[in-house]
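2 protein chains.
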Amino acid sequence: MTLVLLTIAGTDSSGGAGIQADLKTFTAHRCYGASVITAMTAQNTTGVQAVHPSPPEFVAEQIRSVLSDINVDAIKTGMLYDTDNVLSVAKTLKQHYQSQTMIPLVCDPVCVSTSGHVLLHPDAIESMIIEIFPLSQLITPNIPEAKLLLSRSGLPDDITSLEEMLTAAQNLLSLGSRAVLLKGGHIPLTYQDLCRVTAANPRIIWAPDDIYDQNMEILQNGRIPAVDLVIDVLCQCSGEINLFPRPRLQSTNTHGTGCTLSAALTCQLGMGVDLAEATKKATAYTHLAIETAPSIGHGSGPLNHLHSILIRRIPLRSQTNPYPLTRSLIQGTASIWKGYVQHDFVKLLGKGILERGSFLHFIKQDYHYLKYYARAYALLATKSHAYDPISAAMETVVTVVRESSMHVEFCAQWGISQSVLENTPESPATTAYGAFLIDTGLQGDSMKLTMALMACLLGYGEVGLWLKKEACKPNSWVVWDGNPYLKWIEDYSGQDYQSAVRKGLETIETKAAADPPSEGRLEEWRQVWEKCTRLEKGFWDMAMNLS
Amino acid sequence: MTLVLLTIAGTDSSGGAGIQADLKTFTAHRCYGASVITAMTAQNTTGVQAVHPSPPEFVAEQIRSVLSDINVDAIKTGMLYDTDNVLSVAKTLKQHYQSQTMIPLVCDPVCVSTSGHVLLHPDAIESMIIEIFPLSQLITPNIPEAKLLLSRSGLPDDITSLEEMLTAAQNLLSLGSRAVLLKGGHIPLTYQDLCRVTAANPRIIWAPDDIYDQNMEILQNGRIPAVDLVIDVLCQCSGEINLFPRPRLQSTNTHGTGCTLSAALTCQLGMGVDLAEATKKATAYTHLAIETAPSIGHGSGPLNHLHSILIRRIPLRSQTNPYPLTRSLIQGTASIWKGYVQHDFVKLLGKGILERGSFLHFIKQDYHYLKYYARAYALLATKSHAYDPISAAMETVVTVVRESSMHVEFCAQWGISQSVLENTPESPATTAYGAFLIDTGLQGDSMKLTMALMACLLGYGEVGLWLKKEACKPNSWVVWDGNPYLKWIEDYSGQDYQSAVRKGLETIETKAAADPPSEGRLEEWRQVWEKCTRLEKGFWDMAMNLS
Numbered sequence: 001m002t003l004v005l006l007t008i009a010g011t012d013s014s015g016g017a018g019i020q021a022d023l024k025t026f027t028a029h030r031c032y033g034a035s036v037i038t039a040m041t042a043q044n045t046t047g048v049q050a051v052h053p054s055p056p057e058f059v060a061e062q063i064r065s066v067l068s069d070i071n072v073d074a075i076k077t078g079m080l081y082d083t084d085n086v087l088s089v090a091k092t093l094k095q096h097y098q099s100q101t102m103i104p105l106v107c108d109p110v111c112v113s114t115s116g117h118v119l120l121h122p123d124a125i126e127s128m129i130i131e132i133f134p135l136s137q138l139i140t141p142n143i144p145e146a147k148l149l150l151s152r153s154g155l156p157d158d159i160t161s162l163e164e165m166l167t168a169a170q171n172l173l174s175l176g177s178r179a180v181l182l183k184g185g186h187i188p189l190t191y192q193d194l195c196r197v198t199a200a201n202p203r204i205i206w207a208p209d210d211i212y213d214q215n216m217e218i219l220q221n222g223r224i225p226a227v228d229l230v231i232d233v234l235c236q237c238s239g240e241i242n243l244f245p246r247p248r249l250q251s252t253n254t255h256g257t258g259c260t261l262s263a264a265l266t267c268q269l270g271m272g273v274d275l276a277e278a279t280k281k282a283t284a285y286t287h288l289a290i291e292t293a294p295s296i297g298h299g300s301g302p303l304n305h306l307h308s309i310l311i312r313r314i315p316l317r318s319q320t321n322p323y324p325l326t327r328s329l330i331q332g333t334a335s336i337w338k339g340y341v342q343h344d345f346v347k348l349l350g351k352g353i354l355e356r357g358s359f360l361h362f363i364k365q366d367y368h369y370l371k372y373y374a375r376a377y378a379l380l381a382t383k384s385h386a387y388d389p390i391s392a393a394m395e396t397v398v399t400v401v402r403e404s405s406m407h408v409e410f411c412a413q414w415g416i417s418q419s420v421l422e423n424t425p426e427s428p429a430t431t432a433y434g435a436f437l438i439d440t441g442l443q444g445d446s447m448k449l450t451m452a453l454m455a456c457l458l459g460y461g462e463v464g465l466w467l468k469k470e471a472c473k474p475n476s477w478v479v480w481d482g483n484p485y486l487k488w489i490e491d492y493s494g495q496d497y498q499s500a501v502r503k504g505l506e507t508i509e510t511k512a513a514a515d516p517p518s519e520g521r522l523e524e525w526r527q528v529w530e531k532c533t534r535l536e537k538g539f540w541d542m543a544m545n546l547s
Numbered sequence: 001m002t003l004v005l006l007t008i009a010g011t012d013s014s015g016g017a018g019i020q021a022d023l024k025t026f027t028a029h030r031c032y033g034a035s036v037i038t039a040m041t042a043q044n045t046t047g048v049q050a051v052h053p054s055p056p057e058f059v060a061e062q063i064r065s066v067l068s069d070i071n072v073d074a075i076k077t078g079m080l081y082d083t084d085n086v087l088s089v090a091k092t093l094k095q096h097y098q099s100q101t102m103i104p105l106v107c108d109p110v111c112v113s114t115s116g117h118v119l120l121h122p123d124a125i126e127s128m129i130i131e132i133f134p135l136s137q138l139i140t141p142n143i144p145e146a147k148l149l150l151s152r153s154g155l156p157d158d159i160t161s162l163e164e165m166l167t168a169a170q171n172l173l174s175l176g177s178r179a180v181l182l183k184g185g186h187i188p189l190t191y192q193d194l195c196r197v198t199a200a201n202p203r204i205i206w207a208p209d210d211i212y213d214q215n216m217e218i219l220q221n222g223r224i225p226a227v228d229l230v231i232d233v234l235c236q237c238s239g240e241i242n243l244f245p246r247p248r249l250q251s252t253n254t255h256g257t258g259c260t261l262s263a264a265l266t267c268q269l270g271m272g273v274d275l276a277e278a279t280k281k282a283t284a285y286t287h288l289a290i291e292t293a294p295s296i297g298h299g300s301g302p303l304n305h306l307h308s309i310l311i312r313r314i315p316l317r318s319q320t321n322p323y324p325l326t327r328s329l330i331q332g333t334a335s336i337w338k339g340y341v342q343h344d345f346v347k348l349l350g351k352g353i354l355e356r357g358s359f360l361h362f363i364k365q366d367y368h369y370l371k372y373y374a375r376a377y378a379l380l381a382t383k384s385h386a387y388d389p390i391s392a393a394m395e396t397v398v399t400v401v402r403e404s405s406m407h408v409e410f411c412a413q414w415g416i417s418q419s420v421l422e423n424t425p426e427s428p429a430t431t432a433y434g435a436f437l438i439d440t441g442l443q444g445d446s447m448k449l450t451m452a453l454m455a456c457l458l459g460y461g462e463v464g465l466w467l468k469k470e471a472c473k474p475n476s477w478v479v480w481d482g483n484p485y486l487k488w489i490e491d492y493s494g495q496d497y498q499s500a501v502r503k504g505l506e507t508i509e510t511k512a513a514a515d516p517p518s519e520g521r522l523e524e525w526r527q528v529w530e531k532c533t534r535l536e537k538g539f540w541d542m543a544m545n546l547s
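Protein chains in written order, with full-length UniProt numbering: chain A, 1 to 547; chain B, 1 to 547.
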């Protein structure tokens with residue numbers, strides 16, 4: 001299920017605030033975002049150059065377009081610009097709520113930009129309080145906004161200490177929203193302030209993390225704990241009060257901080273997270289976005305909205321590309337892979353004119369190789385933590401052991417006794433490949449070992465299918481009837497083997513999809529795959545050279 | 001370096017097209033997006049309900065706000081709406097280019113919405129051709145747009161076959177842009193069409209991937225190759241022609257496809273990728289976005305812009321949170337961790353009143369445990385692929401072996417000979433912990449083994465620092481002078497050990513940051529950490545119980 005969020009706010013051409021910041025924040029939380037624009041701004045990191053408000057009826061039209069068609073999980077409002085637009089937003093939402101249940105709404109009561117530009121006409125403040133606050137699960141004023149809201153409501157508006165912040169938040173709660181997050185960024189506070197207030201017993205939630213966390217001396221060692229704190233106050237109509245302290249960052253890259261925080265809160269509320277936890281997560285997201293902000297523009301730069309996401313290195317599995325990992329592995333080693341699966345050994349075998357000596361050399365060495373291969377699967381069982389993978393690996397061991405007895409029969413047909421077979425010295429190509437499997441298994445995790453086992457499993461499957469497909473073409477170069485190696489071709493193109501191939505494909509694709517690798521880890525897999533593909537080719541070189 | 005991209009286009013309140021699709025696409029490519037709005041729409045998946053154009057001067061103002069402040073790496077234009085806005089965009093860009101070098105620009109010549117709504121006034125088409133195309137590295141018309149552009153320019157506008165697409169693309173190239181990507185979504189084509197045209201020798205680039213890829217029979221096995229293809233044609237002024245075929249998707253979720261493709265192209269061009277490769281990547285991104293589209297709205301739904309990104313599970317390292325992995329591990333096991341590092345054994349030891357028998361039992365068992373610990377580090381060396389980690393692990397082995405000789409001396413002081421020490425039976429708690437280290441090392445990769453080694457290294461460091469910190473407080477419960485276990489406390493709180501702790505912290509944090517784990521992998525680490533923390537506590541329980 002995709003979570004759908006709606007922002008009703010202004011735009012910021014420079015992309016750091018407004019609906020742009022909201023949509024980026026939604027996306028960085030893997031949520032779907034819709035947006036209703038109340039006013040456009042020509043704006044950059046140095047200030048607001050121009051504003052072009054949306055007509056109130058057009059604001060209503062946008063809201064109706066979204067809500068009439070799409071199920072929205074949570075809404076935020078940002079800059080509403082003027083009384084007409086405030087009234088239009090409130091009226092349209094209320095109309096929607098006549099037939100639908102209310103949607104959690106976060107109201108960021110944006111009034112003035114960081115650069116001092118008026119973003120809500122002063123005469124619109126009362127409308128916002130009367131019309132929007134009662135629809136809101138949460139309002140998120142900063143200190144200047146709180147002072148405006150309080151003074152307009154005839155409430156005390158002195159906010160210079162943590163104690164006064166607590167009082168102010170309580171008073172703001174009386175304005176109609178179900179909760180108030182009073183953001184303390186404008187008031188310098190310290191750990192001492194926090195200690196003093198805890199007497200009154202609000203719950204303290206550090207976000208991003210408690211710098212005074214218990215039992216983490218090793219993480220503090222040599223570091224001076226932050227002296228200056230930012231403390232946000234959350235008051236809920238349930239009576240619950242939380243404080244959210246965090247180290248104060250010395251940064252000018254705070255353009256769009258309020259938008260980002262309220263958008264992140266909207267994501268969390270949409271996900272159904274409770275308000276205190278939502279605030280902790282949203283505050284942590286925003287804090288790190290400021291701390292890792294890129295350097296963009298000449299003024300107060302935007303935040304880093306991207307810190308919470310990574311690029312997926314293997315495409316999602318889909319109907320048109322069900323094996324994206326395997327495909328990328330083969331594509332990344334195209335010529336080596338081709339040199340393996342269309343090796344001269346294979347072609348001569350398909351034509352039925354492969355030297356018997358080469359084939360026998362191959363069979364003898366493969367007999368040795370299969371011991372390593374069986375042991376590698378046994379190691380895979382050893383590295384597994386659940387009965388299913390243990391059982392699957394051991395079944396393969398049994399199959400490989402059975403396969404080896406076919407080698408014994410093969411050799412017997414051509415007059416080679418089991419004792420001669422057993423005593424055939426192992427070729428370097430065999431040792432290289434076999435020992436590499438065991439080494440890889442010892443060195444890495446079960447996925448890396450599985451990767452090492454794939455070039456053999458998949459490659460022989462490819463050879464089988466290719467020869468069979470070619471044989472079906474008119475006047476094919478592949479000889480079927482009377483080919484002395486027909487059984488070999490039939491084995492590897494046959495259903496039993498091909499079903500093992502499909503199981504192998506499913507295993508690595510499922511594992512890779514469930515545990516998406518980082519770039520570095522994917523590169524490790526690629527290297528193992530490539531190495532094994534080369535070793536496979538080397539194995540057939542060996543057979544041809546009788547080396 | 002953050003890549004900065006600018007879109008100049010209309011809005012889509014429902015979030016699937018326009019600047020919303022562009023910003024989502026930019027974000028999903030981890031690029032920074034700015035946006036200039038030419039017109040706002042009230043729109044959803046069923047159609048466009050209303051349009052409110054931006055005044056031309058306000059469009060210019062937005063462009064100036066962005067370009068005067070921010071270095072933009074690439075630009076795209078989408079819906080420009082009318083002649084005045086086309087002229088305003090062209091004029092403002094040209095003014096900027098008088099003092100600055102030109103920025104790669106992708107022009108998506110949006111004319112009509114999928115739902116049939118006019119998005120560019122017919123009289124504005126000529127202005128777009130004359131003013132915008134010459135500024136463009138690439139234009140990306142679909143078939144209806146191409147027909148409009150060609151007929152307005154007095155060129156043949158029949159496009160019903162792949163051959164006519166090639167001609168049309170060539171003709172479109174004469175309109176002034178440096179390249180043309182003619183999108184073939186509206187023309188049903190087949191593999192046979194492709195085979196016929198290859199005679200003329202354009203380069204064929206499958207995107208997302210070649211369904212007829214060489215040597216991938218195993219991936220086709222049992223699947224019928226797509227019969228219906230979409231083929232895009234790319235003509236460049238260099239004369240290079242590329243075809244981009246892909247399976248045609250049967251999907252109604254195509255709202256914003258053109259916006260998304262041109263935005264993805266803008267990302268690639270901004271990164272400096274050449275046009276053919278950029279088209280391949282952007283086409284693959286868009287194809288998968290359609291194929292994995294969520295179900296949103298009642299009409300032609302939006303694409304899945306998020307398929308290319310994953311949520312980062314461990315926060316970025318930052319100054320206020322330099323050890324995010326370790327912090328989350330400790331927080332996730334807070335009570336178990338506390339039970340370990342503030343164990344009664346530790347408290348009694350700090351007070352100097354720990355039973356001598358308990359301490360000696362601990363020392364004897366620790367002597368056995370350290371053998372496992374040394375072997376686990378030797379295994380870590382075995383699992384390493386570079387000299388540095390091999391050397392680091394072996395240094396630890398040497399240190400641990402030296403530490404064991406201190407145990408021998410300790411015991412000698414208290415009248416226990418080395419032979420008695422060696423012959424002390426191993427307690428189950430010792431075997432459990434030691435064997436778990438070796439098992440984890442055998443089972444997983446080097447990071448998982450490192451994880452298993454951390455609870456011991458970090459926990460003893462924590463105990464040392466805690467006791468030292470407590471000892472420094474006035475009237476401390478910790479006895480320093482005359483404490484019979486002082487040397488033990490000094491060792492673990494001392495510089496040598498603490499520098500090993502910091503190296504350990506750096507190792508796991510650096511590895512986790514370089515190879516960000518999936519949720520599943522992080523959970524595996526957590527489980528190993530928690531298990532070892534419990535085993536550590538169990539070790540001290542054993543010492544207290546003499547078990």
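Backbone N, C-alpha and C define an ideal beta-carbon position, used for all residues, glycine too.
Residues that DSSP places opposite residue i in a beta bridge
| i | result |
| --- | --- |
| S318(B) | N321(B) |
| F244(B) | D232(B) |
| S14(A) | In DSSP, S14(A) forms no bridge with anything. |
| H186(A) | DSSP output for H186(A) lists no bridge partner at all. |
Neighbour-count burial assignment, residue i, 16 or more Cβ in a 10 Å radius
| i | result |
| --- | --- |
| Q100(B) | exposed |
| L546(B) | exposed |
| N201(A) | exposed |
| H385(B) | exposed |
| A42(A) | buried |
| R521(A) | buried |
Helix, strand or coil at residue i according to DSSP, with G and I counted as helix
| i | result |
| --- | --- |
| D158(B) | coil |
| C107(B) | strand |
| N85(A) | helix |
| T114(A) | coil |
| R203(B) | strand |
Among the options, the one whose alpha carbon lies nearest that of residue i
| i | options | result |
| --- | --- | --- |
| Q236(A) | S177(A), H255(A), V227(A) and Q220(A) | S177(A) |
| G185(B) | L149(B), I143(B), E163(B) and L5(B) | I143(B) |
| D193(A) | M1(A), L229(A) and L453(A) | L229(A) |
| L148(B) | V106(B), D366(B), A60(B) and A168(B) | A168(B) |
8 angstroms Cβ cut-off: residues of chain C touching residue i
| i | result |
| --- | --- |
| E291(B) | The structure shown contains no chain C; its protein chains are A and B. |
Contact test: residue i Cβ vs the ligand SAH heavy atom, cutoff 8 angstroms
| i | result |
| --- | --- |
| F26(B) | Among the components of this structure there are no ligands whatsoever, and the ligand SAH is therefore not found. |
Requested in this report: Select from the region 454-469 of chain B all residues with a C-beta closer than 7 angstroms to any C-beta belonging to chain A, and list them in chain order.
Outcome: When C-beta distances to chain A are compared with 7 angstroms, the residues of the region 454-469 of chain B below that value are L458, G461, E462, L465, W466 and K469, in chain order.
Requested in this report: Name, going along the chain, the residues of the region 96-127 of chain A whose beta-carbon falls closer than 9 angstroms to a beta-carbon of chain B.
Outcome: Those residues of the region 96-127 of chain A that come within reach of chain B (Cβ to Cβ, closer than 9 angstroms) do not exist; the list is empty.
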